[in-house]
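*Asks:* Could you have a look at this structure, given as structure tokens, before my questions?
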Amino acid sequence: MFARILMAFGLIGAVSLAYADNETNPIQTYLQQALIKSELLQAEIETIKSVREELIIAGSSMDLSTTLSSNINRGERAINGASSIGTENENLSLTVTKPIYDGGEAKVDLNTARLKLDNAILSYRVVEQNVLINALTAHVNLVTARQRLQVEQTNVERLKQQVSASELRVQLGDTTPTQLALTQSRLARAEASLISAETQLNIASATYRRFFGQIPSQLTLPEVITNQPTSAGLAGDLALDNHPGHQQVKVNERLTRFGIDTLVTQIRPQIVFSVTGSTTNSNVAASNIDSISAAITLTTPLYATNTSRAKSRALVADHKSMMLRLTDSELVTRLNAENAYRQFIADKSLINANQAERDAASLFRDGVRKEVEFGLKTLLDLLDAEQDVVNAELSLISTRGNYVLSGYNLLSHMGQLNAEAFELVPTFIAVDELPRYDVPFGGFPSQVIYQD
């Protein structure tokens, strides 16, 4: 199972990414920092370490065990009415026990532990995917926020110049105060938009620091994915095969089935072989005894109790619930991937439409400006035309960012957004390469996390 998981996440052939080198497009460097800084990923790795140890615990029901006991008894003893004498007995016994048959409990526990380890690895993959998509979103939002702020600042500066020119024309009698008031109202609206853009930039900057730390002076949009699936149906098929969240539901369904197997092992007979050696020293010579004994013990329930029946009914209901969840997960996973593909194609088409809109708005503005000079258009017409250019530019900025994000969102829904897709060094590679803690009961933090 674990090998298949690694192969599923390592196959990125269906969707590849186009990158420039790190000097021209350092998105890989930034994402590597995001993975290293993520405490959630480190928490998932610690969970994997914990579940890994359960593999050792799982087979313990068939382990050899020893028990050493010692006791001292003191008392008084009288024989045939004679004077009582003090007695002291010292006993030391050693018992070695080896289960011969445990009803299959060790095998079921081992299989369950392996599934739990697979589940923990898939949980790490889900968190890794979320960290990457959130980091990419923070990166794109900061780039678009900077671009929007630049457009809004240019718009405010342009309107300030128009207000100054209108004030001069009013003084010269070339225009009316009404036209001046109109320009001032447009300036006030632009300044409000500038404040909103500054706020969005501050929010985007704070979010960026959350994932990457320092904010570089120059940022560009990441490259758009290439070789996307040829259809929405293919995107859905890839999602069902690779999405870690859906794979988790599959593992949980198998865990529920093993819960039934675990209950069956508890009502099966168990056979245990034991050897006990003991020695007793006493101040009464007749009580000095050395002995050794061996026993084979068969333990089996005589009938199924109400508790066993209730557990069985509960496990059947749990498994039916997981089967329904698995069916729903298949539908939702496929639907999300197909919708992500449709959104990506739509955003790709919107890029061309927004570019055409901006170019047309710019040509229209230039034409209106010339017509205003000849008295064919009014100042209001020019202000409207210039605002259309600003709106088209802002729309294009937003669409470009959405186009990039929709591509990576498509990868995310197909389960192919991971460290390997960006050629990053993953924080988790294999279970065997994770270090173990040398001190079993140490390693706890000394600081107080919660304090009244």
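Under the numbering used here, the first residue of the sequence shown is numbered 78, with each subsequent residue one higher.
Heads up, the beta-carbon is just placed ideally off N, CA and C, and yes, glycines get one too.
1) Are the CB atoms of Q105 and L501 within a distance shorter than 9 Å?
2) Start and end of the beta strand (DSSP E) containing D587?
3) Check I344 in the structure and name its three-state DSSP category.
4) By how many angstroms is the C-alpha of S351 removed from the C-alpha of T174?
5) Here's a check: name, in chain order, each residue in its chain whose Cβ is nearer than 8 Å to the Cβ of N99, leaving out the five neighbours to either side.
6) Please specify which runs of the alpha helix (DSSP H), each continuous and at least 4 residues long, are wholly inside the segment 170 to 253, giving them in chain order.
7) Tell me the DSSP secondary structure of T455 in three-state form.
8) Counting only runs that start and end within the segment 367 to 455, where is the alpha helix (DSSP H) found for 4 or more residues in a row?
9) When you compare each of K425, P346 and L108 to L62 by their alpha carbons, which one comes out closest?
10) Where do the N-terminal and C-terminal ends of the alpha helix (DSSP H) with L501 fall, by residue?
11) Please state if the CB of G322 and the CB of S398 are separated by a distance shorter than 9 Å.
12) From E510 to E434, what distance separates their C-alpha atoms?
13) Considering only C-alpha positions, which residue in the set L494, A197 and F288 is nearest to K114?
14) Near N102, what residues of its chain come up, given a Cβ to Cβ distance below 8 Å and the 5 sequence neighbours on each side ignored?
15) According to the Cβ coordinates, are L117 and N207 closer than 9 Å?
16) Could you name the residues of the same chain whose beta carbon sits closer than 6 Å to that of D424, not counting the 5 residues immediately before and after it, in chain order?
17) Keeping to the same chain, check which residues put their C-beta closer than 6 Å to that of A414; ignore five residues upstream and five downstream.
18) Kindly indicate which three-state DSSP category V349 falls into: helix, strand or coil?
19) Can you list, in chain order, the residues of its chain with a C-beta nearer than 6 Å to that of E167? Leave out the 5 residues immediately preceding and following it.
20) Grouping DSSP H, G and I as helix and E and B as strand, with all else coil, what is L141?
21) Specify the secondary structure class of T297 as computed by DSSP and reduced to three states.
22) Tell me where the alpha helix (DSSP H) around L112 begins and ends.
23) For the alpha helix (DSSP H) holding N319, just list the boundary residues, first then last.
24) Figure out for me which residue from I134, L169, V220 and S170 has the closest Cα to the Cα of E182.
25) Going by Cα to Cα distance, which pick from L236, T404 and I122 is closest to V508?
26) Can you name the residues that DSSP bridges to N168?
27) Is it buried or exposed, S279, if we count other Cβ atoms within 10 angstroms and call 16 or more buried?
28) Among S439, R477 and T504, which residue has its Cα nearest to the Cα of L427?
29) Count Cβ pairs between the segment 242 to 259 and the segment 185 to 204 that sit closer than 8 Å; are there 3 or more?
30) Check the Cβ-Cβ distances between S385 and every residue of chain C, and say whether any is below 9 Å.
31) Within the chosen definition, does the segment 379 to 389 reach the segment 272 to 286 through at least 3 CB pairs nearer than 8 Å?
32) Return the chain-ordered list of same chain residues with a C-beta closer than 6 Å to the C-beta of R331, the five sequence neighbours on each side being excluded.
33) Out of T376, L112 and L340, which one is the CA nearest neighbour of T384?
*Replies:* In short, the structure shows the following:
1) By one-based count along the sequence shown, residue 501 stands at place 424. By one-based count along the sequence shown, residue 105 stands at place 28. Their beta carbons are under 9 Å apart, which means L501 touches Q105 by this criterion.
2) Given that the chain is displayed from residue 78 to residue 529, the structure contains no residue 587 and the question cannot be resolved.
3) Here residue 344 corresponds to residue number 267 of the sequence shown, with the count starting at 1. It is coil, neither helix nor strand.
4) Numbered from its first residue, the sequence shown carries residue 174 at position 97. Numbered from its first residue, the sequence shown carries residue 351 at position 274. If you take the alpha carbons of T174 and S351, they lie about 4 Å apart.
5) Looking up residue 99 in the sequence shown gives position 22. With a pLDDT of only 38 at N99, under 50, the local geometry of the prediction cannot be trusted, and the value read off the model is given with reservation. Taken in chain order, the residues that qualify are Q105 and T106.
6) 182 to 249
7) By 1-based counting over the sequence shown, the position of residue 455 is 378. In the structure shown, T455 sits in coil (DSSP, three-state: anything other than H, G, I, E or B).
8) 383 to 450
9) Residue 62 lies beyond the stretch modelled for the chain, which goes from 78 to 529, so this question has no answer here.
10) Mapped onto the sequence shown, residue 501 falls at position 424. Segment: none, L501 is in no alpha helix (DSSP H) and carries neither H nor E.
11) For the purposes of this step, residue 398 is taken as the residue at position 321 of the sequence shown. For the purposes of this step, residue 322 is taken as the residue at position 245 of the sequence shown. For S398 and G322, no; Cβs fall outside 9 Å.
12) In the sequence shown, residue 510 corresponds to position 433, counting from 1. In the sequence shown, residue 434 corresponds to position 357, counting from 1. Near 55 Å, if we compare the C-alpha coordinates of E434 and E510.
13) Reading the sequence shown from its first residue, position 37 is the one you call residue 114. Minimum Cα distance to K114 is reached at F288.
14) Taking the first residue of the sequence shown as position 1, residue 102 is located at position 25. Here N102 scores only 47 on pLDDT, less than 50, and its place in the model should not be relied on; the value that follows carries that caveat. Counting only Cβ-Cβ distances below 8 Å, and skipping sequence neighbours, we find Y96, T297, P299 and E300.
15) Sequence index remark: in the sequence shown, residue 117 carries index 40 (1-based). Sequence index remark: in the sequence shown, residue 207 carries index 130 (1-based). The answer is yes: Cβ separation under 9 Å.
16) Residue 424 sits at position 347 when you count from the first residue of the sequence shown. Excluding positions up to five away in sequence, the list reads N479, Y480 and S483.
17) By one-based count along the sequence shown, residue 414 stands at place 337. So the qualifying residues of the chain are A312, G313, A316, H490 and M491.
18) Residue 349 sits at position 272 when you count from the first residue of the sequence shown. The answer is strand: DSSP assigns V349 an E or B state.
19) Numbered from its first residue, the sequence shown carries residue 167 at position 90. I149 and N358, listed in sequence order.
20) Mapped onto the sequence shown, residue 141 falls at position 64. Reduced to three states, the DSSP call for L141 is coil.
21) Your numbering for residue 297 matches position 220 in the sequence shown. Three-state DSSP puts T297 in coil, outside helix and strand.
22) Translated into the one-based positions of the sequence shown, residue 112 becomes position 35. That run of the alpha helix (DSSP H) goes I104 to K114.
23) For the purposes of this step, residue 319 is identified with residue 242 of the sequence shown, where counting begins at 1. Taken as a continuous stretch (DSSP letters only), the alpha helix (DSSP H) holding N319 covers A309 to N319.
24) Residue numbering aside, residue 182 sits at position 105 when the sequence shown is read from its first letter. The shortest C-alpha separation from E182 is found at I134.
25) As a position in the sequence shown, residue 508 is number 431, starting the count at 1. The shortest C-alpha separation from V508 is found at I122.
26) Indexing the sequence shown from 1 puts residue 168 at position 91. The partner list for N168 (beta bridge, DSSP) reads N148 and T357.
27) Counting from one through the sequence shown, the residue named residue 279 turns up at place 202. In the sequence as presented, Ser is not what sits at residue 279; that position holds Asn. Label assigned to N279: exposed.
28) Locating residue 427 in the sequence shown gives position 350, counting from the first residue. Of the listed residues, the one whose Cα sits closest to L427 is R477.
29) no
30) The structure shown contains no chain C; it holds only a single protein chain.
31) no
32) Indexing the sequence shown from 1 puts residue 331 at position 254. Contacts found: L192.
33) Translated into positions along the sequence shown, residue 384 becomes position 307. Ranking the options by Cα distance to T384, first place goes to L340.
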